[in-house]
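Trainee:
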Amino acid sequence: MTFSSSHRLANGVPDLAYKQGLRRNLIARLLTVIAGLFAAIAVLPLIAVLVYVLIKGGQKISLTLLTELPPPPGLEGGGIANAIIGSIVVTLIAAVIAIPVGVGGGIFLAEYSRGGKFAQFIRFGTNVLSGVPSIIAGVFIYGTIVTSRILFGNAYSAAAGGMALSILMLPTVIKTTDEGLKLVSDDLRRGALGVGASKFVTVVRITLPTAFTPIATGVVLSIARAAGETAPLIFTALFSPFWSEGIDGVFNPIATLSVLIYNFAIMPYEAQNELAWAASFVLVLFILGLNLFARWLGQFASK
Amino acid sequence: MPDSTLTPQPVSENTCISIQNATISYGSYEAVKNVYCDIPRGKVTAFIGPSGCGKSTVLRALNRMNDLIEGCSLRGRVLFDGADLYDPSVDPVEVRRRIGMVFQQPNPFPKSIYENIAFGARINGFTGDMDELVERSLRQAAVWDECKDKLNESGYSLSGGQQQRLCIARTIAIQPEVILMDEPCSALDPISTLKIEETMHELKKSFTIVIVTHNMQQAVRVSDMTAFYNAEAVEGGSGKVGYLVEFNETEKIFNAPTQQATQDYVSGRFG
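Order-wise, the sequence lines are chains A and B.
According to the numbering used here, the first sequence is numbered sequentially starting from 311.
According to the numbering used here, the second sequence is numbered sequentially starting from 45.
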């Protein structure tokens with residue numbers, strides 16, 4: 311019985327040369343090419359969308375775009391300043407609701423629950439919630455907050471929009487907090503308890519600071535996701551062609567970038583269509599910025 | 045050996061912690077059974093024995109660390125200066141402030157060296173001169189010279205042996221009455237081990253120390269009293285159950301044990 315591997319050259323040296331025509335080498339090359347092809351196809355839409363938005367929207371960037379209101383239908387010029395502010399306001403409202411609740415829930419799951427029925431139920435619910443289509447969150451807030459006019463008699467409002475977005479952020483924040491805290495070594499917890507720290511002090515002073523980076527990263531990513539949502543805002547925050555002013559603005563309809571894109575892109579006016587492209591550009595940059603910030607936070611920790 | 049009545053024994057002045065007929069179970073599985081042991085004040089007491097004999101379990105029972113393990117329960121009594129540690133009204137946090145613990149793996153907090161020491165003192169309401177406390181604790185743990193110039197650096201910047209002494213300093217800083225050490229040197233090299241043993245000789249002037257060790261030479265070197273634990277299979281049980289074989293002065297345990305099992309273990313015939 312002979313193996314091809316037992317083959318030796320004339321002078322007795324083993325033959326270790328790479329053979330082009332060998333079946334395994336042919337298959338390996340073929341599969342490498344196929345894998346590379348699919349990888350290229352996979353990133354193609356990503357690059358195409360980004361480049362298209364950058365080219366179409368990037369041309370429109372100007373100071374007026376960032377400082378003025380959108381024009382009435384039929385007129386030229388104007389900007390998307392109220393939508394930029396509106397997006398920030400709605401996202402902030404969402405963050406103010408989702409971060410304390412989500413981080414608190416995550417702390418409960420990781421530190422206080424002992425894997426009982428209730429904790430399992432919350433974990434399961436969190437997973438389900440993260441898979442719920444965003445429009446469902448919008449319909450829910452529409453049904454409970456908007457139509458009931460529970461917020462001081464106001465129907466559509468920035469606050470309602472923020473609540474809808476906070477529902478979308480919650481699962482991500484809970485999950486990243488839970489996972490981040492689980493990564494903290496039990497040795498640290500025992501060390502803190504061993505010097506007489508109470509459970510509360512251990513969580514607040516030792517485990518939370520240790521897990522700060524993964525939690526902060528998760529929070530920033532969830533904000534980035536919420537900032538780009540349209541569906542839940544259409545029938546909660548609605549839209550407004552005006553500035554939102556003061557605390558009153560929180561309880562009135564507010565313009566947001568994503569809803570502005572949705573409204574303006576399908577209008578039969580050239581000026582509005584161009585504003586929609588410009589808004590897409592700003593939104594992409596906004597979310598890109600948040601993602602870069604999350605990455606920076608992640609690296610900040612590894613030092 | 046103490047006798048085996050179930051009523052709490054009057055505890056002598058010299059006894060710091062009195063374990064009276066303690067049986068510790070994980071769920072329905074008994075890990076260690078019917079332990080009687082009077083740990084003397086101001087001495088070093090070593091727990092030795094083969095793996096799985098329950099010596100670490102007994103140690104953790106002394107400051108309610110077993111509370112963290114789900115399903116772990118204790119029957120019997122553990123008296124600390126006459127106070128029952130397992131009375132329902134006892135706050136485990138109060139117990140751990142008086143009975144500190146050093147763990148097998150060095151586990152400094154991800155803070156500066158200074159903060160590592162100050163943390164425990166601060167949460168325990170220390171109001172004195174913190175700088176002085178930090179220096180005194182580090183000196184007592186024999187690690188001051190190595191870290192006096194980098195108190196603001198992370199505790200992780202120290203070597204393993206230094207980290208472990210930092211952990212000891214951190215425990216000393218809260219001024220406990222008892223320090224429990226769970227195999228404190230098993231992750232360390234011989235030189236660091238030696239330094240920690242020297243530290244222990246210093247510490248026993250002010251604290252009662254209980255140490256679990258796998259290293260019998262270490263028990264001989266550092267301890268005044270030694271408790272030998274062993275494990276045996278029991279009928280109908282699902283595994284081995286640990287028990288206390290013999291508790292006596294270290295010298296007697298190693299030179300003239302009364303039990304055959306102890307004799308076999310200390311002379312290296314098994315385990």
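The beta carbon of each residue, even a glycine, is placed where N, CA and C say it ideally should be.
Within 10 angstroms of the Cβ of Trp587/A, are there 16 or more other Cβ atoms? Answer buried if so, exposed if not.
Mentor: Position 277 of the first sequence holds residue 587/A. Per the 10 Å Cβ criterion, buried.
Trainee: Short check: CB of Tyr572/A to CB of Ile544/A, under 8 Å?
Mentor: The count along the first sequence starts at 1 and reaches residue 572/A at position 262. The count along the first sequence starts at 1 and reaches residue 544/A at position 234. In this structure, Ile544/A lies closer than 8 Å to Tyr572/A by Cβ.
Trainee: Taking only three categories from DSSP, how would you classify Asn292/B?
Mentor: Against the second sequence, residue 292/B aligns to sequence position 248. Three-state DSSP puts Asn292/B in a strand.
Trainee: Under 8 Å, Cβ to Cβ, is there at least one residue of chain A near Met355/B?
Mentor: A question about residue 355/B goes unanswered here, because the residues of chain B that appear run from 45 up to 315.
Trainee: What does DSSP give as the partner residue(s) for Arg121/B in the beta ladder?
Mentor: Counting from one through the second sequence, the residue named residue 121/B turns up at place 77. Gln64/B, per the DSSP bridge assignment.
Trainee: Quick check: the Cα distance between Leu224/B and Val256/B, rounded to an integer number of angstroms?
Mentor: One-based indexing of the second sequence puts residue 224/B at position 180. One-based indexing of the second sequence puts residue 256/B at position 212. In a straight line, the C-alpha of Leu224/B is about 8 Å away from that of Val256/B.
Trainee: So what does Asp226/B bridge to, in DSSP terms?
Mentor: The count along the second sequence starts at 1 and reaches residue 226/B at position 182. In DSSP, Asp226/B forms a bridge with Val256/B.
Trainee: Give the secondary structure of Val505/A by DSSP, where H, G and I count as helix, E and B as strand, and everything else as coil.
Mentor: As a position in the first sequence, residue 505/A is number 195, starting the count at 1. Val505/A: coil per DSSP, three-state reduction.
Trainee: Can you list the residues of chain A that Glu114/B reaches, using a CB-CB cut of under 7 Å?
Mentor: As a first step, residue 114/B is located in the second sequence; it is residue number 70 there, counting from the start. Result: Arg424.
Trainee: Beta carbon of Gly115/B, beta carbon of Gly506/A: below 8 Å?
Mentor: Residue 115/B sits at position 71 when you count from the first residue of the second sequence. Residue 506/A sits at position 196 when you count from the first residue of the first sequence. Contact flag unset, no.
Trainee: List the residues of chain A whose Cβ lies closer than 9 Å to the Cβ of Gly204/B, in chain order.
Mentor: Position 160 of the second sequence holds residue 204/B. Under the 9 Å cutoff, chain A gives no residues; its nearest Cβ is about 13 Å from Gly204/B.
Trainee: Indicate whether at least one CB of chain B lies closer than 8 Å to the CB of Ile525/A.
Mentor: Position 215 of the first sequence, counted from the start, is the residue given in the question as residue 525/A. Closer than 8 Å: no.
Trainee: Measuring CA to CA, which of Asn151/B, Val254/B, Lys248/B and Leu177/B is closest to Gln206/B?
Mentor: Translated into the one-based positions of the second sequence, residue 206/B becomes position 162. Comparing Cα-Cα distances from Gln206/B to each of Asn151/B, Val254/B, Lys248/B and Leu177/B, the minimum goes to Asn151/B.
Trainee: Taking buried to mean at least 16 other C-beta atoms within 10 Å of its own C-beta, is Leu340/A buried or exposed?
Mentor: Within the first sequence, numbered from 1, the residue matching residue 340/A stands at position 30. Burial call: exposed.
Trainee: List the residues of chain A that Val137/B touches, going by C-beta distances under 7 Å, in chain order.
Mentor: Locating residue 137/B in the second sequence gives position 93, where the first residue counts as 1. Ordered by position in chain A, the residues that pass the 7 Å Cβ test against Val137/B are Gly506 and Ser508.
Trainee: Using the C-alpha atoms, what's the distance from Tyr328/A back to Thr342/A?
Mentor: Residue numbering aside, residue 342/A sits at position 32 when the first sequence is read from its first letter. Residue numbering aside, residue 328/A sits at position 18 when the first sequence is read from its first letter. Roughly 17 Å separates the two Cα atoms.
Trainee: Given 8 Å as the limit, is there contact between the stretch 147-161 of chain B and the stretch 498-514 of chain A, that is, 3 or more CB pairs closer than that?
Mentor: Output reads yes: the stretch 498-514 of chain A touches the stretch 147-161 of chain B.
Trainee: Out of curiosity, what's the CA-to-CA distance linking Ala447/A and Asn464/A?
Mentor: For the purposes of this step, residue 447/A is identified with residue 137 of the first sequence, where counting begins at 1. For the purposes of this step, residue 464/A is identified with residue 154 of the first sequence, where counting begins at 1. Rounded to whole angstroms, Ala447/A to Asn464/A spans 19 Å at the Cα level.
Trainee: Given a cut-off of 8 Å on the beta-carbon distance, is the pair Ala271/B and Thr89/B in contact?
Mentor: Position 227 of the second sequence, counting from 1, holds the residue named residue 271/B. Position 45 of the second sequence, counting from 1, holds the residue named residue 89/B. Cβ atoms of Ala271/B and Thr89/B: closer than 8 Å.
Trainee: Output the residue ranges of the alpha helix (DSSP H) runs that lie fully inside the stretch 408-490 of chain A and measure 4 residues or longer, sorted by chain position.
Mentor: Runs of the alpha helix (DSSP H) inside the stretch 408-490 of chain A: 427-441 and 444-451.
Trainee: Does DSSP put Gly599/A in a helix, a strand or coil?
Mentor: Indexing the first sequence from 1 puts residue 599/A at position 289. Note: Gly599/A maps to helix in three-state DSSP.
Trainee: So what's Phe552/A in DSSP terms, helix, strand or just coil?
Mentor: As a working note, residue 552/A is residue 242 in the first sequence. Correct three-state label for Phe552/A: coil.
Trainee: Could you say which of Gly472/A, Val456/A and Thr454/A lies nearest to Val399/A if we only look at CA atoms?
Mentor: For the purposes of this step, residue 399/A is taken as residue 89 along the first sequence, with counting starting at 1. Answer by Cα proximity: Gly472/A.
Trainee: For the alpha helix (DSSP H) that Phe153/B lies in, which residues bound it at each end?
Mentor: What you label residue 153/B is simply residue 109 of the second sequence in a count that begins at 1. Element bounds for Phe153/B: n/a, residue is neither H nor E.
Trainee: Does the distance from the CB of Gly559/A to the CB of Ala470/A come in under 8 Å?
Mentor: The residue labelled residue 559/A in the question sits at position 249 within the first sequence. The residue labelled residue 470/A in the question sits at position 160 within the first sequence. Not in contact: Gly559/A and Ala470/A (Cβ atoms no closer than 8 Å).
Trainee: List, in order along the chain, the chain A residues whose C-beta lies closer than 8 Å to that of Thr215/B?
Mentor: On the second sequence, position 171 is the one that residue 215/B refers to. Near Thr215/B (Cβ distances below 8 Å), the residues of chain A are Gly504 and Val505.
Trainee: Quick check on DSSP: helix, strand or coil for Gly387/A?
Mentor: Looking up residue 387/A in the first sequence gives position 77. DSSP places Gly387/A in coil when its eight states are reduced to three.
Trainee: Is any beta-carbon of chain B found at less than 8 Å from that of Arg515/A?
Mentor: In the first sequence, counting from the first residue as 1, residue 515/A sits at position 205. By this cut-off, Arg515/A is an interface position.
Trainee: Kindly indicate the opening and closing residues of the beta strand (DSSP E) around Met269/B.
Mentor: To locate residue 269/B, count along the second sequence from 1; it is residue 225. First-last of the beta strand (DSSP E) with Met269/B: Met269 to Ala277.
Trainee: Round the Cβ separation of Ile389/A and Pro382/A to the nearest angstrom and send it over; I've been treating them as touching at under 8 Å.
Mentor: Locating residue 389/A in the first sequence gives position 79, counting from the first residue. Locating residue 382/A in the first sequence gives position 72, counting from the first residue. For clarity, residue 389/A is Gly in the given sequence; the question names Ile instead. 13 Å between Cβ atoms; not a contact.
Trainee: Of the residues that make up the stretch 124-148 of chain B, which ones have a beta carbon closer than 7 Å to any beta carbon in chain A?
Mentor: Against chain A - using a Cβ distance shorter than 7 Å - the residues of the stretch 124-148 of chain B are Val137, Arg140, Arg141, Gly144, Met145 and Phe147.
Trainee: Are the Cβ atoms of Leu118/B and Ala105/B separated by less than 8 Å?
Mentor: Indexing the second sequence from 1 puts residue 118/B at position 74. Indexing the second sequence from 1 puts residue 105/B at position 61. Cβ distance < 8 Å, so Leu118/B and Ala105/B count as in contact.
Trainee: Rounded to whole angstroms, what's the CA-CA distance from Thr237/B to Leu354/A? Just pull it up for me.
Mentor: By one-based count along the second sequence, residue 237/B stands at place 193. By one-based count along the first sequence, residue 354/A stands at place 44. Those two C-alpha atoms are separated by around 59 Å.
Trainee: Taking the DSSP output, what are the residues bridged to Met145/B?
Mentor: As a working mapping, residue 145/B is identified with position 101 in the second sequence. Note: Met145/B sits in a beta bridge opposite Leu224/B.
Trainee: Does chain B have any CB closer than 8 Å to the CB of Gly346/A?
Mentor: What you label residue 346/A is simply residue 36 of the first sequence in a count that begins at 1. No, because no Cβ of chain B sits closer than 8 Å to the Cβ of Gly346/A.
Trainee: Is Val406/A close to chain B? Criterion is C-beta to C-beta, closer than 8 Å.
Mentor: Taking the first residue of the first sequence as 1, we reach residue 406/A at position 96. Chain B, which has no Cβ nearer than 8 Å to the Cβ of Val406/A, makes this no.
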